[in-house]
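Asks:
2 protein chains.
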Amino acid sequence: MEGGIRCSTNYVPLSPISFLERSAIVYRDRTSVVYGSVRFTWRQTLERCKRLASALVQLGISPGDVVAALAPNIPAMYELHFGVPMAGAVLCTLNTRLDSAMISVLLKHSEAKIIFVDYQLIHVAQGAIDILSKTRTNLPLLVVIQELDQPSPDVSRSRDFEYESLLARERVDFEVRRPKDEWDPISLNYTSGTTSNPKGVIYSHRGAYLNSLATILFNEMLSMPVYLWCVPMFHCNGWCLPWGVAAQGGTNVCQRNVTAKGIFDQISQHKVTHMGGAPTVLNMIINAPENDRKPLPGKVTVMTGGAPPPSQVLFKMEELGFGVIHSYGLTETYGPGTICTWKPEWDSLSRESQAKLKARQGLQHIGMEELDVKDPVTLKSVPPDAKTMGEVMFRGNTVMNGYLKDVKATKDAFNGGWLRSGDLGVKHPDGYIELKDRLKDIIISGGENISTIEVESVLYTHPAVLEAAIVGRPDDYWGETPCAFVKLKDEFNTCAEEIINFCRSHLPHYMAPRTVVFDDLPKTATGKVQKYVLRQKAKAMGSLSKKSKSKL
Amino acid sequence: MEGGIRCSTNYVPLSPISFLERSAIVYRDRTSVVYGSVRFTWRQTLERCKRLASALVQLGISPGDVVAALAPNIPAMYELHFGVPMAGAVLCTLNTRLDSAMISVLLKHSEAKIIFVDYQLIHVAQGAIDILSKTRTNLPLLVVIQELDQPSPDVSRSRDFEYESLLARERVDFEVRRPKDEWDPISLNYTSGTTSNPKGVIYSHRGAYLNSLATILFNEMLSMPVYLWCVPMFHCNGWCLPWGVAAQGGTNVCQRNVTAKGIFDQISQHKVTHMGGAPTVLNMIINAPENDRKPLPGKVTVMTGGAPPPSQVLFKMEELGFGVIHSYGLTETYGPGTICTWKPEWDSLSRESQAKLKARQGLQHIGMEELDVKDPVTLKSVPPDAKTMGEVMFRGNTVMNGYLKDVKATKDAFNGGWLRSGDLGVKHPDGYIELKDRLKDIIISGGENISTIEVESVLYTHPAVLEAAIVGRPDDYWGETPCAFVKLKDEFNTCAEEIINFCRSHLPHYMAPRTVVFDDLPKTATGKVQKYVLRQKAKAMGSLSKKSKSKL
Numbered sequence: 001m002e003g004g005i006r007c008s009t010n011y012v013p014l015s016p017i018s019f020l021e022r023s024a025i026v027y028r029d030r031t032s033v034v035y036g037s038v039r040f041t042w043r044q045t046l047e048r049c050k051r052l053a054s055a056l057v058q059l060g061i062s063p064g065d066v067v068a069a070l071a072p073n074i075p076a077m078y079e080l081h082f083g084v085p086m087a088g089a090v091l092c093t094l095n096t097r098l099d100s101a102m103i104s105v106l107l108k109h110s111e112a113k114i115i116f117v118d119y120q121l122i123h124v125a126q127g128a129i130d131i132l133s134k135t136r137t138n139l140p141l142l143v144v145i146q147e148l149d150q151p152s153p154d155v156s157r158s159r160d161f162e163y164e165s166l167l168a169r170e171r172v173d174f175e176v177r178r179p180k181d182e183w184d185p186i187s188l189n190y191t192s193g194t195t196s197n198p199k200g201v202i203y204s205h206r207g208a209y210l211n212s213l214a215t216i217l218f219n220e221m222l223s224m225p226v227y228l229w230c231v232p233m234f235h236c237n238g239w240c241l242p243w244g245v246a247a248q249g250g251t252n253v254c255q256r257n258v259t260a261k262g263i264f265d266q267i268s269q270h271k272v273t274h275m276g277g278a279p280t281v282l283n284m285i286i287n288a289p290e291n292d293r294k295p296l297p298g299k300v301t302v303m304t305g306g307a308p309p310p311s312q313v314l315f316k317m318e319e320l321g322f323g324v325i326h327s328y329g330l331t332e333t334y335g336p337g338t339i340c341t342w343k344p345e346w347d348s349l350s351r352e353s354q355a356k357l358k359a360r361q362g363l364q365h366i367g368m369e370e371l372d373v374k375d376p377v378t379l380k381s382v383p384p385d386a387k388t389m390g391e392v393m394f395r396g397n398t399v400m401n402g403y404l405k406d407v408k409a410t411k412d413a414f415n416g417g418w419l420r421s422g423d424l425g426v427k428h429p430d431g432y433i434e435l436k437d438r439l440k441d442i443i444i445s446g447g448e449n450i451s452t453i454e455v456e457s458v459l460y461t462h463p464a465v466l467e468a469a470i471v472g473r474p475d476d477y478w479g480e481t482p483c484a485f486v487k488l489k490d491e492f493n494t495c496a497e498e499i500i501n502f503c504r505s506h507l508p509h510y511m512a513p514r515t516v517v518f519d520d521l522p523k524t525a526t527g528k529v530q531k532y533v534l535r536q537k538a539k540a541m542g543s544l545s546k547k548s549k550s551k552l
Numbered sequence: 001m002e003g004g005i006r007c008s009t010n011y012v013p014l015s016p017i018s019f020l021e022r023s024a025i026v027y028r029d030r031t032s033v034v035y036g037s038v039r040f041t042w043r044q045t046l047e048r049c050k051r052l053a054s055a056l057v058q059l060g061i062s063p064g065d066v067v068a069a070l071a072p073n074i075p076a077m078y079e080l081h082f083g084v085p086m087a088g089a090v091l092c093t094l095n096t097r098l099d100s101a102m103i104s105v106l107l108k109h110s111e112a113k114i115i116f117v118d119y120q121l122i123h124v125a126q127g128a129i130d131i132l133s134k135t136r137t138n139l140p141l142l143v144v145i146q147e148l149d150q151p152s153p154d155v156s157r158s159r160d161f162e163y164e165s166l167l168a169r170e171r172v173d174f175e176v177r178r179p180k181d182e183w184d185p186i187s188l189n190y191t192s193g194t195t196s197n198p199k200g201v202i203y204s205h206r207g208a209y210l211n212s213l214a215t216i217l218f219n220e221m222l223s224m225p226v227y228l229w230c231v232p233m234f235h236c237n238g239w240c241l242p243w244g245v246a247a248q249g250g251t252n253v254c255q256r257n258v259t260a261k262g263i264f265d266q267i268s269q270h271k272v273t274h275m276g277g278a279p280t281v282l283n284m285i286i287n288a289p290e291n292d293r294k295p296l297p298g299k300v301t302v303m304t305g306g307a308p309p310p311s312q313v314l315f316k317m318e319e320l321g322f323g324v325i326h327s328y329g330l331t332e333t334y335g336p337g338t339i340c341t342w343k344p345e346w347d348s349l350s351r352e353s354q355a356k357l358k359a360r361q362g363l364q365h366i367g368m369e370e371l372d373v374k375d376p377v378t379l380k381s382v383p384p385d386a387k388t389m390g391e392v393m394f395r396g397n398t399v400m401n402g403y404l405k406d407v408k409a410t411k412d413a414f415n416g417g418w419l420r421s422g423d424l425g426v427k428h429p430d431g432y433i434e435l436k437d438r439l440k441d442i443i444i445s446g447g448e449n450i451s452t453i454e455v456e457s458v459l460y461t462h463p464a465v466l467e468a469a470i471v472g473r474p475d476d477y478w479g480e481t482p483c484a485f486v487k488l489k490d491e492f493n494t495c496a497e498e499i500i501n502f503c504r505s506h507l508p509h510y511m512a513p514r515t516v517v518f519d520d521l522p523k524t525a526t527g528k529v530q531k532y533v534l535r536q537k538a539k540a541m542g543s544l545s546k547k548s549k550s551k552l
């Protein structure tokens, strides 16, 4: 329209950097970050992030360079979420459970110029660099992050830099490098990184900005929330909440380790209003010994995701005074992509019905344009009959830019104009989706689809079961049969037959497990069960049916 | 970064249209709009807006065409905020207090192809078209909006179209025309339109999207709010809340007229959670006769703006149970541009101190990048001393695209890279800004600046004063002297001398008015006092000082 002029007066590329700059004015003297006896205000956090950005530029970081970080949820990890983008660089947070070999692969793939490492993980990072040094000369610089109030002796090593010392000598009047285009990358998140090729998911400033606002909104996070960090910031950038909490001028309660006692202590001490965690964290809370518990100072909203929360877990969480909200997404959707918006009319339903409804993945949040369940081949939407399965697909501004250096993988993921989640689900008559399984996890037994999630949710209702996972065991006759891996609660005991009979009384016969293994469950750093490990174990067991039977 | 692919899977131009499309799924059966006995759900609202967009296309509307609307806050006005953009067109809402002559000027300037008119305003619109017909042949089509439950006889007129009939014959499967670029215009808002040349402020889809989210956030609007419409939707698109309420799946309580009784009735009946209004609306509420009042069913958050709320008004609103939040902005900033964020530590201050703090304009909201108070010539920021005055300036994504067909005016407004507000203010030590006056309203008396806002705030504390405004009266000796226009409360009486003495006991002598006129105050449709009318009156009075005195 004639008369309009697009210029810096009315057009600023969207970036979470704006959240911090604004909060350093509006909420300047309020606590931004608290960690043990350490406490910063928003004004100080901006200052520290500017010093950090300035240090990165001094160390030779150019716009678009990758800066890696290997650390738990400590203040420096929070600051890296702003300081790195403020230097125009891209933050690559690494899973703290990875070993040196995998870290070396990711450092090589991302071409990280610097790696920030928590003092407890120096050996892992140094090991990775040692591996790299065998084939490369241009190695990433290692910056050590000391515990804030107790400097360790490691600093003296000549080629290491130390985080606080770097900050101390830098300028607070550093001129922030804003993205030229809001599509520019802000971070790089490697998906699980436990199998095959690493995939580096690229997040943009625009997507991070929009997913942060969406996440604030569906968490019903009013201004100045107090957020307890249980979700690792290295996982999908902490579901975008390092940026989201800054947007609302909240307080970030940081903690190095996640324990039930720590959670109750921090909630009580800091009057926490919001937190997040995978169902395993919820499990930890409800199974906490009596001595570790403290009464909640008020309502605590817990966003959970990563796996649907079992109904027993929900009941107990709500008895303790937590309000659980259920979100679902992928690394490729900046973490949260959906929210199971609670309908007021559900309040009057039975507890069991409520738990079933809450276990649904729901619908797209406000930052995501479209969510659908489609036939993966024809792309036809499934009918909203709660029965027909299809692949869950996303489209919108909070879908990743793509996979680093892997246009083919990006094209495959976007095949047909939708992000393929690899998750199988159904659509309920009210539009809400519900996951049934991973495309690769679903068991096909005698031609019937068996949703492992459904079987697991029954197992979780058994009083002796602490954790459970179902995978397919190869079978000469049925193709596959369900095999349960179960971890029992400390004080309980039971046998395979009892578990199988329990399932048969709650499920169609063919869905009940034929095999039960009592064992610890292997998990990723974010608490997801590693089913591919269990599948290997089940495969090693061989067929349950005799060869001869397959002739029938 | 190599590997990223920008495509429709991960990039969708931001538009408030997305809010409606999403709410029609998530909140499908919840009430979207209620108006007397009329009630729609979000699914129905989307359907009606699609029919409306389809009708516009049938009537020949092309992308970028302007569609005008002249109506109070009725359901059709709400639907036009989505239906017009969904046809790719630009919504131009007109002030319902304008006369045919001014409407004809705006229709001509905007080149509106269609005008939607409430049945009570047909004569105004028809009058405007009659004026246009003298010089043009290509006249805008007139579509009449009937009262929803009582069709009027006017429909039969052959060249008129009727809103509901148009919708009834259209298709619900209309394919929505999304903006190609989020910078594309969504609406056109003429500034006051009471003086000189009309200025058509262009809003973009992007700016509207971002200002809607910012406004939701600073209103602390959780999901499914109940919003009572008192702010005219024709004014800055109702402060972006037709879109914002859709984003949160709320209920829009529409009403044709704003009365104290109506406000209390609607709040009570629909359990209103949020509303907005200029201080005159707040005045109306606190001065409501006892019989018109009803107890509030819960906390009602009222966003006020347009003028700082006088402390007495704030006290009384809060006694009644309303929580008042104070925002400030311009038509050029999509309405709200700042928010006076309340600091918890202020809770313990005296009521008077709290009122003074709440009357500040505060700081930029989350959608606005920067706010500053600067010397209008040098662009140097004023010190945060609460004393030095400068011009309030904005920069960010929620600043208008520009003025329609007036690049020169756009350039002037953006001169130096900042949107010039034309408002004078100071910056407090905590960064919060406080307006002192309009650049053109400030009184200069004997070389001293007199903030008319400060004098008015003292007048408002006088028990007999209902409304007050100060302008400069020309003076041969002092240049100007303060002249007060005062409207008294019904049951009160006083004299000029008493008012002057009251001011002198609360203000420096030179700031107190020398003249007091008891009269009704002329106002714009949004409740702002038309000071230029009062200045004309004051000018007509002539100098208070004798000519001879000016020789001294």
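These protein sequence lines are chains C and V, in that order. Oh and the first sequence: position 455 is 455 in UniProt numbering, straight run, nothing missing. Oh and the second sequence: position 431 is 431 in UniProt numbering, straight run, nothing missing. The beta-carbon is built from N, C-alpha and C at its ideal position, and this holds for glycine as well.
(1) Going by CA-CA distance only, name the one from Val172(C), Leu228(C) and Thr341(C) that's closest to glutamate 21(C).
(2) Whole alpha helix (DSSP H) runs in the UniProt domain "AMP-binding enzyme C-terminal" (454 to 528) of chain V with 4 or more residues, listed along the chain?
(3) Below 8 angstroms between beta carbons: does that hold for leucine 507(C) and valine 455(C)?
(4) Am I right that alanine 359(C) and proline 309(C) are in contact with their C-beta atoms under 8 angstroms? What's the rounded C-beta distance?
(5) So if DSSP puts glutamine 354(C) in a beta bridge, which residue, or which two residues, is it bridged to?
(6) Mind checking whether tryptophan 478(V) and serine 445(V) have CB atoms under 8 angstroms apart?
(7) Which same chain residues, not among the five before or five after glycine 390(V), have their C-beta less than 6 angstroms away from its C-beta?
(8) Exposed or buried, what is valine 377(V) when buried is set at 16 or more other beta-carbons lying within 10 Å of its beta-carbon?
(9) Using a beta-carbon distance below 8 angstroms, is aspartate 412(V) in contact with chain C?
(10) Please identify the residue among Pro85(C), Lys113(C), Pro72(C) and Val84(C) whose C-alpha is closest to the C-alpha of leucine 98(C).
(11) I'd like to know whether the C-beta of proline 16(C) is nearer than 8 angstroms to at least one C-beta of chain V.
(12) For serine 104(V), collect the residues of the same chain with a Cβ closer than 7 angstroms to its Cβ; drop the 5 residues on either side in sequence, then sort them by chain order.
(13) Could you round the C-beta distance between serine 32(C) and tryptophan 42(C) to whole angstroms and report it? I think they count as a contact, below 8 angstroms.
(14) Under 6 angstroms Cβ to Cβ from glycine 323(C), same chain only, skipping five residues before and after it: list those, please.
(15) Check whether the Cβ of cysteine 340(V) lies closer than 8 angstroms to any Cβ atom in chain C.
(16) Thinking just about the alpha-carbon of each residue, which of Ile450(V), His509(V), Ala112(V) and Gly238(V) is nearest to the one in proline 136(V)?
(17) Would isoleucine 114(C) and valine 143(C) be called neighbours here (beta carbons separated by less than 8 angstroms)?
(18) How long is the line joining the alpha carbons of glutamate 491(V) and serine 348(C), rounded to whole angstroms?
(19) Could you tell me which residues DSSP pairs with valine 143(C) in its beta bridges?
(20) What does the alpha-carbon distance come out to for the pair tyrosine 78(V) and asparagine 252(V)?
(21) Counting C-beta neighbours from all protein chains within 10 Å, is the total for methionine 86(C) 16 or more, i.e. buried, or is it exposed?
(22) Taking the beta carbon of lysine 531(C) as the centre, do at least 16 other beta carbons fall within 10 Å, making it buried, or is it exposed?
(23) Along the beta strand (DSSP E) that carries lysine 271(C), what are the first and last residues, could you check?
(24) Is it right to say serine 8(C) is buried, meaning 16 or more other beta carbons lie within 10 angstroms of its own, or is it exposed?
(25) In three-state DSSP terms, what is isoleucine 186(V)?
(26) Output needed in chain order: residues of the region 419 to 438 of chain V with a Cβ under 8 angstroms from some Cβ in chain C.
(27) Would you say glycine 422(V) and glutamate 434(V) are within 8 angstroms of each other, going by their C-beta atoms?
(28) How far does the beta strand (DSSP E) with lysine 436(V) in it reach, from first residue to last?
(29) In the DSSP assignment, what are the bridge partners of lysine 374(C)?
(30) Does the contact criterion of 3 or more C-beta pairs under 8 angstroms hold for the region 362 to 372 of chain C versus the region 507 to 521 of chain C?
Replies: The short version:
(1) Of Val172(C), Leu228(C) and Thr341(C), the residue nearest in Cα terms is Val172(C).
(2) Within the UniProt domain "AMP-binding enzyme C-terminal" (454 to 528) of chain V, the complete alpha helix (DSSP H) runs of at least 4 residues are 496 to 506.
(3) In contact: leucine 507(C) and valine 455(C) (Cβ atoms closer than 8 angstroms).
(4) Contact between alanine 359(C) and proline 309(C) holds, since their C-beta atoms are separated by about 6 angstroms, short of 8 angstroms.
(5) For glutamine 354(C), which the question treats as bridged, DSSP gives no partner whatsoever.
(6) Result yes, Cβ atoms of tryptophan 478(V) and serine 445(V) sit closer than 8 angstroms.
(7) Excluding sequence neighbours, glycine 390(V) sits near Val373, Lys374, Asp375 and Val382.
(8) Counting Cβ neighbours within 10 Å, valine 377(V) comes out exposed, since fewer than 16 surround it.
(9) In terms of beta-carbon proximity, aspartate 412(V) stays away from the interface with chain C, with every pair separated by 8 angstroms or more.
(10) Of the listed residues, the one whose Cα sits closest to leucine 98(C) is Pro72(C).
(11) No, because no Cβ of chain V sits closer than 8 angstroms to the Cβ of proline 16(C).
(12) So the qualifying residues of the chain are Ala128, Ile131 and Leu132.
(13) Taking a contact as a CB-CB distance under 8 angstroms, the pair serine 32(C) and tryptophan 42(C) counts as one, their CB atoms being some 4 angstroms apart.
(14) Leaving aside the five residues that flank glycine 323(C) on each side, the residues in its chain whose CB is nearer than 6 angstroms to its CB run, in chain order, Lys299 and Thr301.
(15) Residue-level contact by beta carbon fails for cysteine 340(V) and chain C, as no gap is shorter than 8 angstroms.
(16) Before going further, note that residue 136(V) is arginine rather than proline in the sequence given. For the residues Ile450(V), His509(V), Ala112(V) and Gly238(V), the minimum Cα distance to arginine 136(V) belongs to Ala112(V).
(17) Yes, they are a contact pair.
(18) Computed Cα separation, rounded: 51 angstroms.
(19) Under DSSP, valine 143(C) forms a beta bridge with Phe116(C) and Phe161(C).
(20) Approximately 9 angstroms between the Cα atoms of the pair.
(21) The Cβ neighbour count for methionine 86(C), taken over all protein chains shown within 10 Å, is at least 16; the residue is labelled buried.
(22) Under this definition lysine 531(C) is a buried residue.
(23) Neither: lysine 271(C) is in no beta strand (DSSP E) and is coded neither H nor E.
(24) An exposed status is given to serine 8(C), since fewer than 16 other beta-carbon atoms sit within 10 Å of its beta-carbon.
(25) Isoleucine 186(V) sits in a strand when the DSSP states are folded into three classes.
(26) Those residues of the region 419 to 438 of chain V that come within reach of chain C (Cβ to Cβ, closer than 8 angstroms) are Leu419, Asp430 and Gly431.
(27) Going by C-beta atoms, glycine 422(V) is not nearer than 8 angstroms to glutamate 434(V).
(28) 433 to 438 is the extent of the beta strand (DSSP E) around lysine 436(V).
(29) Beta-bridge pairing links lysine 374(C) to Ser381(C) and Glu391(C).
(30) Contact fails between the region 362 to 372 of chain C and the region 507 to 521 of chain C, because fewer than three Cβ pairs, one in each stretch, are under 8 angstroms apart.
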